[in-house]
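Engineer:
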Amino acid sequence: MIFFLTGCFILQGLRKIPADPPCIAVRVILGKRQKESQILKEGWHFFPFYPFWHSYIKVNITKKNKEFILESVRTPDSAELKIPVAITYSPGISEDGKISPQSIIDFLNSGGENGVEKILEEMVKERIRAWAGDKIEGPQSWKEALAARWEAVDTLMKALTGSPNEILSSVPTSILRKALKKPSIPPEESEEKIWGKNWEKVNDVLEKENYVDESSRKPLVEALKEREKAINSIRTGNGSRPIISLGITINRLNIGEIKILGKLAEAAEKEVVEKRERDAETVEFEHVRNRAKEIMDSLVCTHGEALELIQTERGKVKKEIKENKFTLSPETGQIVKDISEMALAAFSKGGKKP
Numbered sequence: 001m002i003f004f005l006t007g008c009f010i011l012q013g014l015r016k017i018p019a020d021p022p023c024i025a026v027r028v029i030l031g032k033r034q035k036e037s038q039i040l041k042e043g044w045h046f047f048p049f050y051p052f053w054h055s056y057i058k059v060n061i062t063k064k065n066k067e068f069i070l071e072s073v074r075t076p077d078s079a080e081l082k083i084p085v086a087i088t089y090s091p092g093i094s095e096d097g098k099i100s101p102q103s104i105i106d107f108l109n110s111g112g113e114n115g116v117e118k119i120l121e122e123m124v125k126e127r128i129r130a131w132a133g134d135k136i137e138g139p140q141s142w143k144e145a146l147a148a149r150w151e152a153v154d155t156l157m158k159a160l161t162g163s164p165n166e167i168l169s170s171v172p173t174s175i176l177r178k179a180l181k182k183p184s185i186p187p188e189e190s191e192e193k194i195w196g197k198n199w200e201k202v203n204d205v206l207e208k209e210n211y212v213d214e215s216s217r218k219p220l221v222e223a224l225k226e227r228e229k230a231i232n233s234i235r236t237g238n239g240s241r242p243i244i245s246l247g248i249t250i251n252r253l254n255i256g257e258i259k260i261l262g263k264l265a266e267a268a269e270k271e272v273v274e275k276r277e278r279d280a281e282t283v284e285f286e287h288v289r290n291r292a293k294e295i296m297d298s299l300v301c302t303h304g305e306a307l308e309l310i311q312t313e314r315g316k317v318k319k320e321i322k323e324n325k326f327t328l329s330p331e332t333g334q335i336v337k338d339i340s341e342m343a344l345a346a347f348s349k350g351g352k353k354p
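For the record, in the sequence shown the residue sitting at position 8 is 8 according to the UniProt record's numbering, with numbers rising by one throughout.
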């Protein structure tokens, strides 16, 4: 009887944490989550007097992909943009290779998967809209915005997870990244107005901050390289940046293709097509000019004749050879013959000397 009761006690408390999909669990005692207890990994675990005394809360720790589509994001030139943001995250924050119980509790306190994704969406929307409309840090036109995906990821990552490493300068990171690169990246039109054609004003600010030469700027350059490395890693899915308040780890963060909306999109497309046509015409003109020179050198002809020949070869000018045949009646033929003989006789007589 004792063995039977013992077996029943053990069996009623045995519960399996599934491995597919991968899950972990937090132990609950008398309805309270245990922050100090270890995370329960997949497999069989014992919960005495389940579910009244001991129980558990299961958490799916599979990496989750979420895409947020931001519509009607405006730049300072009033352009309307569509910006897709892709985030891959996993519940829990790893400490020494182990997920901390507190981070799982923070994840649950944030509403679990649905709650965390709603909070992330609000954070992403707020920061991206602020960045796009910023007249100093953000893009100043839709053209700059299309090329500023790296800068957008940098800004968003700092807002979500904090700065991966500190850049000790008042100059925006996106500007420093261009100005201190070897060779430096030329400024955009709007950046040139603020920082100079060759980043002169960046140098002025750095000198005031005691970055007077290459030697003193070396720590700043190294910090920028580390920042760039961290951003590139998070964009490709090789990163690991925690959001402590939500109890999650960001594994990937990237900005998709930024698109223009409204009538401006049509105008931009037309501009692209026209530029493509102009470029094609330029290439064609160079080809015709070189071909004309070759023909003039080889055939000893005029420039106009060479161009006419090229246009004929390319089918731009059509030349036709027409052959006309006339049929004469015998009477008409005899008349023509008589006239020819009379003309020939007169010509011969006129040509003799008296």
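Cβ coordinates follow ideal geometry from the N, Cα and C atoms, glycine included.
Since this is a predicted model, take the numbers as computed values, not measurements.
Quick check on this structure: which residue in I69, E80 and K125 has the alpha carbon closest to the alpha carbon of W142?
Structural biologist: Here residue 142 refers to the residue found at position 142 of the sequence shown. Selected option, being the one with the closest Cα: E80.
Engineer: Check P242 in the structure and name its three-state DSSP category.
Structural biologist: Along the sequence shown, one-based indexing puts residue 242 at 242. If DSSP states are grouped into helix, strand and coil, P242 belongs with the strands.
Engineer: Going by C-alpha to C-alpha distance, which of S55, P18, F46 and D20 sits closest to G31?
Structural biologist: The residue given as residue 31 occupies position 31 in the sequence shown. The residue with the shortest Cα to Cα distance from G31 is S55.
Engineer: Please go through the same chain and pick out, in chain order, the residues whose beta-carbon is closer than 8 Å to the beta-carbon of V26, but skip the five residues on each side of it.
Structural biologist: Sequence index remark: in the sequence shown, residue 26 carries index 26 (1-based). Excluding positions up to five away in sequence, the list reads R33, Q34, S37, I39, L40, Y56, I57, V59, P101, I104, I105 and L108.
Engineer: Would I244 be called buried (16 or more neighbouring beta carbons within 10 Å of its own) or exposed?
Structural biologist: Residue mapping note: residue 244 aligns to position 244 of the sequence shown, counting from 1. Burial call: exposed.
Engineer: What number of angstroms, rounded off, separates the C-alpha of E42 from the C-alpha of G247?
Structural biologist: Stepping through the sequence shown from its first residue, residue 42 is reached at position 42. Stepping through the sequence shown from its first residue, residue 247 is reached at position 247. Taking the straight line from one Cα to the other gives about 20 Å.
Engineer: Can you pull the DSSP bridge partners for A25?
Structural biologist: Counted from its first residue, the sequence shown places residue 25 at position 25. According to DSSP, A25 bridges with L40 and K58.
Engineer: Rank F47, C23 and V73 by C-alpha distance to the C-alpha of K63 and give the top, closest one.
Structural biologist: Position 63 of the sequence shown, counted from the first residue, corresponds to residue 63. Of the candidates F47, C23 and V73, the one whose C-alpha sits nearest the C-alpha of K63 is C23.
Engineer: Cutting at 8 Å between CB atoms, please list the residues of its own chain near S90, excluding the five before and the five after it.
Structural biologist: Along the sequence shown, read from residue 1 onward, the residue named residue 90 stands at position 90. Correct list, in chain order: I61, T62, K63, K64, I248, T249 and N251.
Engineer: Cutting at 8 Å between CB atoms, please list the residues of its own chain near T302, excluding the five before and the five after it.
Structural biologist: Taking the first residue of the sequence shown as 1, we reach residue 302 at position 302. The residues are M296.
Engineer: Taking DSSP as the reference, what is the three-state secondary structure of K98?
Structural biologist: In the sequence shown, the residue the question calls residue 98 occupies position 98. Three-state DSSP puts K98 in a strand.
Engineer: Give the range of the alpha helix (DSSP H) segment to which P219 is assigned.
Structural biologist: Looking up residue 219 in the sequence shown gives position 219. First-last of the alpha helix (DSSP H) with P219: E214 to R235.
Engineer: Do I167 and L224 have their beta-carbon atoms positioned less than 8 Å apart in this structure?
Structural biologist: Position 224 of the sequence shown, counted from the start, is the residue given in the question as residue 224. Position 167 of the sequence shown, counted from the start, is the residue given in the question as residue 167. Yes, the pair counts as a contact, with Cβ atoms nearer than the cut-off.
Engineer: Write down every uninterrupted run of the alpha helix (DSSP H) in the segment 169-194 whose length is 4 residues or greater and which is fully enclosed by it, in chain order.
Structural biologist: You should have 173-179.
Engineer: Do the segment 189-197 and the segment 223-240 touch if we need at least three Cβ pairs shorter than 8 Å?
Structural biologist: Taking 8 Å as the limit for Cβ pairs, the verdict is that the segment 223-240 does not touch the segment 189-197.
Engineer: Is S219 buried or exposed, if buried means 16 or more other CB atoms sit within 10 Å of its CB?
Structural biologist: The residue given as residue 219 occupies position 219 in the sequence shown. Before going further, note that residue 219 is Pro rather than Ser in the sequence given. Per the 10 Å Cβ criterion, exposed.
Engineer: Which residue from F47, P21 and T6 puts its Cα closest to that of R15?
Structural biologist: Working through the sequence shown from its first residue, we reach residue 15 at position 15. Residue F47 is the option with its Cα nearest to R15.
Engineer: T249 lies in the beta strand (DSSP E); which residues open and close that run?
Structural biologist: On the sequence shown, position 249 is the one that residue 249 refers to. Its beta strand (DSSP E) spans residues I248 to I255.
Engineer: So, G239 versus A86, is the Cβ gap smaller than 8 Å?
Structural biologist: Position 239 of the sequence shown holds residue 239. Position 86 of the sequence shown holds residue 86. No, they are not a contact pair.
Engineer: State the CB to CB distance for the pair I258 and A179, rounded to an integer number of angstroms; the pair is presumed to be in contact (CB under 8 Å).
Structural biologist: Within the sequence shown, the letter at position 258 stands for residue 258. Within the sequence shown, the letter at position 179 stands for residue 179. Not quite, the Cβ-Cβ distance comes to about 24 Å (not below 8 Å), so this is no contact.
Engineer: What separation, rounded to the nearest whole angstrom, lies between the Cα atoms of P21 and D213?
Structural biologist: Position 21 of the sequence shown holds residue 21. Position 213 of the sequence shown holds residue 213. Between P21 and D213, the C-alpha separation is close to 55 Å.
Engineer: Mind the definition here: the segment 119-136 touches the segment 152-159 only if three or more C-beta pairs lie below 8 Å; say whether that holds.
Structural biologist: Yes, since at least three Cβ pairs between the segment 119-136 and the segment 152-159 fall closer than 8 Å, the two stretches touch.
Engineer: Check each candidate in T161, V205, G162 and N165 and name the one with the smallest Cα separation from I175.
Structural biologist: The sequence position of residue 175 within the sequence shown is 175, counting from 1. Of the candidates T161, V205, G162 and N165, the one whose C-alpha sits nearest the C-alpha of I175 is V205.
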